[in-house]
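Please read the structure below before turning to the comments.
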Amino acid sequence: MEVSHSVKERTIAENSLVILLQGLCGHVTTVDLRDESTATGRITSVDAFMNVRLAEVTFTDRQGAVSQLDELFVTGRNVRYVHIPDEVDIRATIEQQLQAIHRVRYFGGRDKGRKEFPRAKYK
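Using this note's numbering, you'd call the opening residue of the sequence shown number 1 and step up by one each time.
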């Protein structure tokens, strides 16, 4: 899994279920779009704004025409539903993603290095 270097994206991901989608990287799934079309392919990346990049895609438009694409980028605003594959353990995937975010956030240990959210000093 690739963890974003942006504090804003990590915070958004940590506080929403988009981390489940980020954990699906490498899995083949179906993404239903708002215009009633579907895209089935292997997820290569998902960002905190639910923008999804798929590879080896079978795209079916709303009229039922099927086309094969090498790659497809879907903006988060156009995603209606993402099918979670049966072999994915949802709880374990979310916990794994949260651990990865916390590894980046506390790189170098809890009391070492630069803090992402420095504590206020009280006088």
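Beta carbons: idealized from backbone N, C-alpha and C, even for Gly.
Query - Cα-Cα separation, Val-28 to Lys-8 - result: About 28 Å.
Query raised in the report: If you run the structure through DSSP and keep just helix, strand and coil, what is Ala-48?
Result: coil
Report task. Take every Cβ of the stretch 48–57, pair it with every Cβ of the stretch 84–100, and state whether three or more of those distances are shorter than 8 Å. Result -> The stretch 48–57, when compared against the stretch 84–100, does not touch it at the 8 Å Cβ threshold.
Requested in this report: Find out if the Cβ-Cβ distance for the pair Ala-39, Val-18 is shorter than 7 Å.
Outcome: no
Query raised in the report: Taking Leu-20 as the reference, which of His-83, Ser-6, Asp-35 has the closest Cα?
Result: Answer by Cα proximity: His-83.
**Report entry** First through last residue of the beta strand (DSSP E) which encompasses Arg-77
**Finding:** Where Arg-77 is concerned, there is no enclosing beta strand (DSSP E), given that its DSSP letter is neither H nor E.
Report task. Take Thr-30 as the anchor and find which of Arg-103, Ile-43, Gln-68 has the nearest alpha-carbon. Result -> Ile-43
Requested in this report: Pick helix, strand or coil for Ile-84, following the three-state DSSP scheme.
Outcome: coil
Report task. Following the continuous alpha helix (DSSP H) through Leu-21, name the residue where it begins and the one where it ends. Result -> 18–22
Query - Proximity to Asp-70 [Cα-Cα], best of Gly-64, Val-46, Gly-41, Gln-97 - result: Gly-41
Query raised in the report: So, helix, strand or coil for Glu-9, using DSSP?
Result: helix
Requested in this report: Return yes when the Cβ of Arg-10 is within less than 7 Å of the Cβ of Ile-94, no when it is not.
Outcome: no
**Report entry** Residues that DSSP places opposite Leu-33 in a beta bridge
**Finding:** Per DSSP, Val-79.
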